[in-house]
Amino acid sequence: MTIDTKDLLNSILASFDRMSYIKSDEVPTIDLYMDQVTTFMDERLKKSTRYQGEEKLMTKTMINNYAKNDVIPPPVRKKYNKEHILVLIMVYYFKSILQISDIKELMDPIIAKFFDNRNGFAIEDVYDEIFANMDEDIARVRDEIVADYNSAMTSFEDAPDQDKDYLKLYSFVCKLGCDVFVRKLLIEKIVDSLREQSEAAEAKTGKSKDKDNKYDVNVEKKSKK
335 MTIDTKDLLN SILASFDRMS YIKSDEVPTI DLYMDQVTTF MDERLKKSTR YQGEEKLMTK
395 TMINNYAKND VIPPPVRKKY NKEHILVLIM VYYFKSILQI SDIKELMDPI IAKFFDNRNG
455 FAIEDVYDEI FANMDEDIAR VRDEIVADYN SAMTSFEDAP DQDKDYLKLY SFVCKLGCDV
515 FVRKLLIEKI VDSLREQSEA AEAKTGKSKD KDNKYDVNVE KKSKK
């Protein structure tokens, strides 16, 4: 099997040049209905999809599920404001690698503290900070991919000539897959840690409430006496 791996790499790297993200000042400031939200995201993020124009980046069902499961705040009179859309964009980048419960765990503190916060640091500030170094991050990942490719192309030198190209390509894919696996595992460990802390805090709060209720009952009994 003859594979032009160099041409394949150039094609992959060219796709990086087409990648873009939505800047916060490009998000409509007027409230949008569901159809308008999905259309906006499809138009602005389609370059980052596998099959451009053939798949919906964010469907109505997805958005409804996110709202139903408290991953995003519910719409106001069936409309989504700018902050809703910024949250949805952040969720979009998580949805292909994390379960909905994990996304919720990550987004809960962000939404609770910064959504509709008129007196300080708000969702837009969080969004801008996260994406501030996007171009540099993409360039760094691009360099890492080139390094992985160069390493893979030196592998399987003793393999049969007719199989070398495919085995080298397979080695390249395995290197990329290992990177994805490790990073995904790290994210999941962080989410699990956050969940444990949240559950511990809730349990502690619950015990405090139980003590308060017990105290109130005792006071009530004494007052009756």
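In this note's numbering, the protein residues as written are 335 to 559.
From the three backbone atoms N, C-alpha and C, an ideal C-beta is built for every residue, glycine too.
Review point. Among residues of its own chain, excluding the 5 on either side of N453, which ones have a beta-carbon nearer than 7 Å to its beta-carbon?
Key: none
Check your understanding: Since L391 contacts K380 with CB under 8 Å, what's their CB separation in whole angstroms?
Key -> 7 Å
**Study point:** Rounded separation between L503 and T395 - CA only
**Key:** 37 Å
Check your understanding: Which class does S413 belong to by DSSP, given the choice of helix, strand or coil?
Key -> Looking at the sequence shown, residue 413 is not Ser but Lys. If DSSP states are grouped into helix, strand and coil, K413 belongs with the strands.
Exercise for review: Could you check how far apart the C-beta atoms of D365 and K413 are, in whole angstroms? I think they sit under 8 Å.
Suggested key: 4 Å
Review point. Is there contact between the stretch 454 to 473 and the stretch 486 to 495, where contact requires at least three CB pairs shorter than 8 Å?
Key: no
Exercise for review: Pull up the distance between the alpha-carbon of P407 and that of K518, whole angstroms please.
Suggested key: 26 Å
Review point. Is K556 helix, strand or coil when you go by DSSP?
Key: Confidence at K556 is low in this model, with a pLDDT of 49, below 50, so the placement of that residue should be treated as unreliable; the coordinate-derived value is given next. Note: K556 maps to helix in three-state DSSP.
Practice item. Using DSSP bridges, identify the partner residues of L366. Key: Y414
Review point. Should E417 be labelled buried (16 or more other beta-carbon atoms within 10 Å of its own) or exposed?
Key: buried
Check your understanding: Under 8 Å between the Cβ atoms of S358 and Y426?
Key -> no
Check your understanding: Mind checking whether I397 and V371 have CB atoms under 8 Å apart?
Key -> yes
**Study point:** A473 - DSSP class collapsed to helix/strand/coil
**Key:** helix
Review point. Who are the Cβ neighbours of V525 in its own chain at under 8 Å, not counting the five residues just before and after it?
Key: L432, D436, E439, L440
Check your understanding: Just to confirm, are V480 and I434 a CB contact at a threshold of 8 Å?
Key -> no
Point to revise | Cut-off 6 Å between Cβ atoms - residues of its own chain near K498, not counting five sequence neighbours on either side | key: F490
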